[in-house]
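Below is one structure, written out as structure tokens; the observations come after it.
In this note's numbering, the protein residues as written are 1 to 331.
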């Protein structure tokens with residue numbers, strides 16, 4: 001059913017891929033997973049291999065197709081962080097994630113060092129900060145950090161529902177996942193790609209805000225169908241939108257997936273309409289058009305690469321709940 005359902009997600013946007021994908025994947029596999037961050041799964045080569053198979057550099061390369069290799073590198077490091085962090089705290093508590101949230105933001109702001117932070121992935125975030133600073137403005141960095149803070153708040157809400165073993169309403173579930181899927185920070189890094197940061201008045205325009213929200217929500221709908229098997233295997237059903245639809249509307253799993261696709265398609269229509277009738281941004285018009293173009297490619301790019309990843313399309317492509325619990329307890 002999974003492949004059949006995923007084929008229903010279609011995008012009228014181009015699909016490009018960065019030519020440095022293989023080079024950055026080699027760095028990810030050899031220098032990071034088996035190097036700097038080997039200690040996370042030091043005695044577990046099988047789990048390290050699963051992370052390699054997720055091809056995080058290839059995902060980043062679909063979202064940042066025209067970046068130079070040095071500008072793509074921090075995106076790839078951050079992409080790896082999202083998986084490490086998600087898996088590490090999927091079995092955590094809201095209290096635990098609040099501390100990780102606070103300290104992660106402090107590291108990225110340069111307020112504390114990795115050693116002072118007291119969090120396992122502090123070193124990764126400190127390296128990320130150093131790699132980003134030469135390429136983006138302080139304002140762009142703060143937007144990225146705000147997007148990451150939004151992610152942590154979403155994760156905290158997920159863990160609250162998982163603890164209670166209760167389903168949120170469909171709309172609340174969509175809102176939680178809009179934050180917790182950690183896509184807003186990547187959209188805020190588009191300045192790496194374009195090299196032209198938008199001024200606050202343009203960046204925060206309601207139409208651009210809505211276009212970002214629609215893009216994120218559409219990736220949520222795709223992800224929920226794609227990862228429903230993974231979520232059922234790890235007891236994460238309480239914040240999967242498909243499972244929330246199934247529960248709240250008393251539908252079969254297939255019917256819930258089809259409803260998820262229907263909502264997605266309605267929002268895709270709105271995205272295309274807004275993209276084709278942007279307001280007048282004056283001297284920033286061409287820059288905004290280009291920015292929306294890059295936002296649109298995150299959708300087609302995510303589908304292109306993720307539909308072939310074992311992490312989402314098999315029950316053997318992600319770390320087991322036992323492994324996750326073991327590493328979380330060893331912090």
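All residues carry an ideal CB built from backbone N, CA and C; glycine is no exception. Only a predicted model underlies this, so the values are computations on that prediction, with no experimental measurement involved.
Check whether residue 238 and residue 161 have beta carbons under 7 Å apart: With respect to residue 161, residue 238 sits close: the two C-beta atoms are nearer than 7 Å.
Cα-Cα separation between residue 192 and residue 277, rounded to whole angstroms: Cα atoms of residue 192 and residue 277: separation of roughly 26 Å, rounded to the nearest angstrom.
Range of the contiguous alpha helix (DSSP H) that encloses residue 299: Counting along the chain, the alpha helix (DSSP H) containing residue 299 begins and ends at 285-306.
Residue 74 vs residue 124 beta-carbon contact at 7 Å: No, the Cβ-Cβ distance between residue 74 and residue 124 is not below 7 Å.
Test item: CB-CB of residue 223 and residue 231 under 7 Å: With respect to the 7 Å criterion, residue 223 and residue 231 are not classified as neighbours on the basis of their beta carbons.
Where residue 195 falls: helix, strand or coil (DSSP): Three-state DSSP puts residue 195 in coil, outside helix and strand.
Distance, residue 10 Cα to residue 251 Cα: In this model, residue 251 and residue 10 are separated by some 24 Å (Cα to Cα).
Beta-carbon separation (whole angstroms), residue 126 vs residue 113, contact threshold 8 Å: Rounded, the Cβ-Cβ distance is 7 Å, consistent with contact.
Closest Cα partner of residue 37 within the set 106, 147, 80 and 2: Of the candidates 106, 147, 80 and 2, the one whose C-alpha sits nearest the C-alpha of residue 37 is 80.
Helix, strand or coil at residue 205 [DSSP, three-state]: Three-state result, residue 205: coil.
Chain-order list of residues whose beta-carbon lies under 7 Å from that of residue 267 (same chain, five-residue window excluded): Residues of the same chain with a CB within less than 7 Å of the CB of residue 267, apart from the 5 flanking positions on each side, are 214, 217 and 218 in chain order.
Residue 37, DSSP secondary structure in three states: Looking at residue 37 - three-state DSSP - the assignment turns out to be coil, as it is neither helix nor strand.
Test item: CB-CB of residue 147 and residue 176 under 7 Å: Against a cut-off of 7 Å, the Cβ pair of residue 176 and residue 147 comes out as no contact.
Meets three-Cβ-pair contact criterion under 8 Å: the stretch 24-36 and the stretch 258-265: By the Cβ test, the stretch 24-36 is not in contact with the stretch 258-265, since fewer than three Cβ pairs between them sit closer than 8 Å.
Closest by C-alpha distance to residue 179, when choosing among 43, 26, 82 and 53: Closest by C-alpha distance to residue 179, out of 43, 26, 82 and 53, is 82.
The stretch 194-211 / the stretch 285-304 touching (three or more Cβ pairs under 8 Å): Proximity of the stretch 194-211 to the stretch 285-304 meets the contact definition, three or more beta-carbon pairs being nearer than 8 Å.
Inter-residue spacing [alpha-carbon to alpha-carbon] between residue 325 and residue 283: Residue placement at residue 325 cannot be trusted, given a pLDDT of 49 that sits under 50; what the coordinates show is reported in the next sentence. For residue 325 and residue 283, the distance between alpha carbons rounds to 52 Å.
Alpha-carbon to alpha-carbon, residue 169 and residue 244: When rounded, the distance between both Cα atoms is 7 Å.
As assigned by DSSP and simplified to three states, the class of residue 20: Of the three classes helix, strand and coil, the one that applies to residue 20 here is coil, per DSSP.
Under 7 Å between C-beta atoms of residue 106 and residue 76: It is not a contact, given that the beta carbons lie outside the stated cut-off.
Proximity below 7 Å, CB of residue 274 to CB of residue 211: Yes, these two residues count as a Cβ contact at 7 Å.
Distance cut-off 6 Å: residue 124 Cβ against heavy atoms of the ligand HEM: Ligands in the displayed structure: none, and consequently the ligand HEM is not present.
Assumed close pair residue 357, residue 194 - CB separation to whole angstroms, cut-off 8 Å: Only positions 1 to 331 of the chain appear in this structure, which leaves residue 357 out of reach.
DSSP state of residue 95 mapped onto helix, strand, coil: Look at residue 95 here: in three-state DSSP terms it is helix.
Environment of residue 7 [buried if 16+ CB atoms lie within 10 Å]: By the Cβ neighbour-count rule, residue 7 is exposed, with fewer than 16 other Cβ atoms within 10 Å of its own.
Close Cβ partners of residue 20 (< 6 Å) along its chain, the five nearest in sequence each way excluded: Within the same chain, residue 20 has close Cβ partners 69 and 72.
Separation of residue 305 from residue 46, as counted between CA atoms: Using only the alpha carbons, I get a separation of about 22 Å.
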